[in-house]
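These notes concern the structure reproduced below.
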Amino acid sequence: MAQPANSNTPLTLRRWLSRLANSGRLAVARPGVDLKYQLAAIAKHLDASKAVLFPHPGGHAIPIVSGFMARREWIAEALGVSGPDLLKTFRGATENPLPWRELPADQAPCQQVVVRDIDMRTALPIPTHSEHDSAPYITAGVVIARNPATGIQNVSINRIQVNSKDRMAALLLPRHLHAFFQMAEKQGKPLPVAVVIGLDPLTMLASQAITPIDYDELEIAGALHGAPLPVVKCITSDVRVPAQAEIVIEGHFLPNVREPEGPFGEFPKYYSAKENREVIQVDLITHRANPIYHTIIPSEMEHLLLGAIPREATLLAHLQRSFPDVRDVHLSVGGVCRYHLYVKLHKQHEGAPKNVICAALGSHYDIKHVVVVDEDVDVHDPRQVEWAVATRFQADRDLLVIAGAQGSTLDPSTTVASGAGAKHLPRHLQGISAKMGLDATRPVQYNEHVFTKVAIPGYDQVDLSTALAEGVDAEALKLFAQTP
Ligand code: MN
């Protein structure tokens with residue numbers, strides 16, 4: 002398995018931040034930045050260039066960090082692999098999970114301090130990020146709950162709005178946590194839950210793995226770390242949380258209670274509408290001595306990449322099972338790392354790209370547009386993909402459109418013709434979307450003077466440090482001066 006950066010001790014958030022700081026990749030803001038908008042605005046300016054630490058945000062004693070996993074190379078570095086091996090490494094971890102290792106409470110840093118008398122409006126420095134957000138939001142809260150029937154955990158990141166002193170509303174998409182909640186609610190029971198804030202990049206990434214239900218993502222985190230993840234039992238429930246976490250909010254989802262949540266600026270760079278959502282009753286908070294709070298700036302690179310890498314790994318594995326000639330996939334940033342999939346194919350049959358398109362569109366409801374390209378196109382470079390569409394694609398022949406499929410409810414162009422907003426429709430009508438596939442591959446057999454990409458022999462061998470003269474050439478300057 003992968004060797005994480007400095008593999009003798011498991012990677013923690015603090016060790017990762019120290020690594021960033023020691024290599025000029027951690028900015029520190031002036032103390033006392035405003036929690037409302039200002040903090041998010043500064044972090045957004047530094048997006049994908051530097052992580053940023055905010056001391057005393059809004060005058061709060063707990064500092065905030067943001068943007069520490071906002072580049073693909075950083076995530077690969079945290080895993081101890083090179084960029085091209087990122088998806089393979091993540092896939093390997095999902096296929097070879099490592100059970101966690103439980104620590105006694107007195108050895109778990111995340112339980113060094115226990116706070117029982119909670120006011121969520123002041124206990125933690127929770128920012129308000131975007132212009133029309135309804136309230137402060139926890140955006141990097143890793144939510145852990147147990148299947149009420151099997152006891153197996155689920156780990157996910159859900160946006161959480163602070164509603165009052167001890168209540169928060171969360172968005173539960175129709176996935177595993179939502180299934181657990183429905184099971185508990187059907188029996189009229191609360192669902193115990195932990196919201197974990199301040200985790201290392203590998204555990205954050207593991208939380209986004211696309212797996213079947215009853216597959217504890219903390220075991221994937223262990224595989225990514227190359228060692229079982231140390232966990233500790235919550236004080237108020239049987240939920241196990243990463244012992245190295247900075248902050249843990251313990252609580253329970255209330256059965257048969259809903260409270261308004263939203264609007265909130267989401268990953269597609271649009272707002273989700275206000276709706277009645279499931280409610281967490283907060284019981285207590287535990288944290289390290291001098292904890293660090295993590296916030297993710299919505300729709301910026303940290304947010305997008307967290308979703309993209311696990312999805313790409315899953316999509317690549319899924320496609321390669323049926324099509325061994327698929328070489329690589331990429332969820333483009335312009336497609337908010339969810340909607341646009343680029344597929345690199347070693348094409349051997351004229352019909353193969355369309356089969357790949359059908360499989361890709363069916364593999365996840367978020368995938369809206371698929372572009373299949375040849376091996377000479379870098380799927381990580383949107384300019385090259387556009388070049389392939391410009392020069393290898395004919396719409397009457399190479400375009401595939403499917404009407405009325407299930408798409409992302411967060412895509413504002415789905416379903417809605419009236420402008421009323423998809424959120425006002427019943428769930429079974431939300432997010433109805435067309436799908437499109439573009440075969441931007443050249444023919445299997447082609448005239449090499451027609452379809453060969455122009456190349457300059459020796460380009461890759463040029464070393465500019467030896468090819469260029471040092472400084473300004475005096476003879477050349479003289480030449481320009483003489484000919485006005
Ligand atoms: Mn899951």
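Residue numbers (the working numbering): 2 to 485.
Think of the CB as a built atom: it goes at the ideal place given N, C-alpha and C, for glycine as much as any other residue.
The structure displayed is predicted, hence computed values, not measured ones.
Secondary structure of residue 241, DSSP reduced to three states = Position 240 of the sequence shown, counted from the first residue, corresponds to residue 241. DSSP places residue 241 in strand when its eight states are reduced to three.
Q | Segment contact, 8 Å Cβ cut-off, at least three pairs: the stretch 94-101 with the stretch 215-222 | A | yes
Once DSSP output is grouped into helix, strand and coil, what is the label at residue 395? Start at 1 with the first residue of the sequence shown, and residue 395 comes out as number 394. Residue state, collapsed to three classes: coil.
**Prompt:** Cβ of residue 341 within 8 Å of any heavy atom in ligand 1?
**Reply:** Residue 341 sits at position 340 when you count from the first residue of the sequence shown. False, no ligand heavy atom lies under 8 Å from that Cβ.
- Query: Run through DSSP, which three-state label would residue 168 get?
  - Reply: Reading the sequence shown from its first residue, position 167 is the one you call residue 168. Note: residue 168 maps to strand in three-state DSSP.
Just to confirm, does residue 1 get its C-beta within under 8 Å of one of the non-hydrogen atoms of ligand 1?
-> A question about residue 1 goes unanswered here, because the residues of the chain that appear run from 2 up to 485.
Shorter than 8 Å, the distance from the beta carbon of residue 293 to the closest heavy atom of ligand 1, or not?
The count along the sequence shown starts at 1 and reaches residue 293 at position 292. Answer for residue 293: no, Cβ out of range of ligand 1.
Report task. Return the chain-ordered ranges of every beta strand (DSSP E) run that is complete within the stretch 25-99 and spans a minimum of 3 residues. Result -> 27-29, 52-55 and 65-67
Check your understanding: Is DSSP giving residue 324 helix, strand or coil here?
Key -> Taking the sequence shown and counting its residues from 1, one reaches residue 324 at position 323. Coil at residue 324, not helix or strand.
Is residue 252 helix, strand or coil by DSSP? The residue you call residue 252 lines up with position 251 of the sequence shown. Here residue 252 sits in strand by DSSP.
Three-state class that DSSP yields for residue 7 in the structure shown
If you number the sequence shown from 1, residue 7 lands on position 6. Since pLDDT at residue 7 reaches only 45, below the 50 mark, its modelled position is unreliable, and no value is offered.
Evaluate contact between the stretch 193-201 and the stretch 237-248, counting only Cβ atoms and requiring at least three cross-stretch pairs below 8 Å. yes
*Name, in chain order, the residues that DSSP records as bridge partners for residue 196.*
Mapped onto the sequence shown, residue 196 falls at position 195. 144 and 250.
Span of the alpha helix (DSSP H) holding residue 336?
-> In the sequence shown, the residue the question calls residue 336 occupies position 335. From DSSP, residue 336 is part of no alpha helix (DSSP H); its letter is neither H nor E.
Ligand 1 heavy atom lying under 8 Å from the CB of residue 212:
Your numbering for residue 212 matches position 211 in the sequence shown. It does: the Cβ of residue 212 is within 8 Å (strictly closer) of some heavy atom of ligand 1.
Is it the case that the CB of residue 365 approaches a heavy atom of ligand 1 more closely than 8 Å?
Within the sequence shown, residue 365 is the residue found at index 364, counting from 1. Not under cutoff, so the answer is no.
query = Can residue 207 and residue 149 be called in contact, C-beta distance under 9 Å?
reply = For the purposes of this step, residue 207 is taken as the residue at position 206 of the sequence shown. For the purposes of this step, residue 149 is taken as the residue at position 148 of the sequence shown. Cβ distance not < 9 Å, so residue 207 and residue 149 don't count as in contact.
* Asked: Cβ of residue 117 versus every heavy atom of ligand 1: is any distance shorter than 8 Å?
  -> Position 116 of the sequence shown, counted from the first residue, corresponds to residue 117. Result no, Cβ not under 8 Å from ligand 1.
Tell me whether residue 312 is buried or exposed, calling it buried when 16 or more other Cβ atoms sit within 10 Å of its Cβ. Here residue 312 refers to the residue found at position 311 when the sequence shown is read from its first residue. Looking at its Cβ environment, which holds 16 or more other Cβ atoms inside 10 Å, residue 312 is buried.
- request: Please report the Cβ distance between residue 408 and residue 438, rounded to the nearest whole angstrom; I am assuming they are in contact, meaning their Cβ atoms lie under 8 Å.
  value: Here the question's residue 408 lines up with position 407 in the sequence shown. Here the question's residue 438 lines up with position 437 in the sequence shown. In fact, because the Cβ distance is near 14 Å, the residues do not count as touching under 8 Å.
* Residues bridged to residue 329 [DSSP beta-bridge criterion] -> As a first step, residue 329 must be located in the sequence shown, where it is residue number 328. Note: residue 329 sits in a beta bridge opposite 345.
Between residue 443 and ligand 1, is the CB less than 8 Å from at least one heavy atom? Counted from its first residue, the sequence shown places residue 443 at position 442. No, since every heavy atom of ligand 1 falls outside the 8 Å radius drawn around the Cβ of residue 443.
Margin query: Just to check my reading of the structure: residue 254 and residue 281 have Cβ atoms closer than 8 Å, yes? What is that Cβ distance to the nearest angstrom?
Written below: Position 253 of the sequence shown, counted from the first residue, corresponds to residue 254. Position 280 of the sequence shown, counted from the first residue, corresponds to residue 281. Going by Cβ atoms, the distance from residue 254 to residue 281 rounds to 6 Å, so yes, they are a contact pair.
- prompt: Do you know whose CA, among 132, 176, 163 and 331, lies nearest residue 120's CA?
  reply: As a working mapping, residue 120 is identified with position 119 in the sequence shown. For residue 120, the nearest C-alpha among the options comes from 163.
Check your understanding: How is residue 204 classed by DSSP in three states: helix, strand or coil?
Key -> Mapped onto the sequence shown, residue 204 falls at position 203. Note: residue 204 maps to helix in three-state DSSP.
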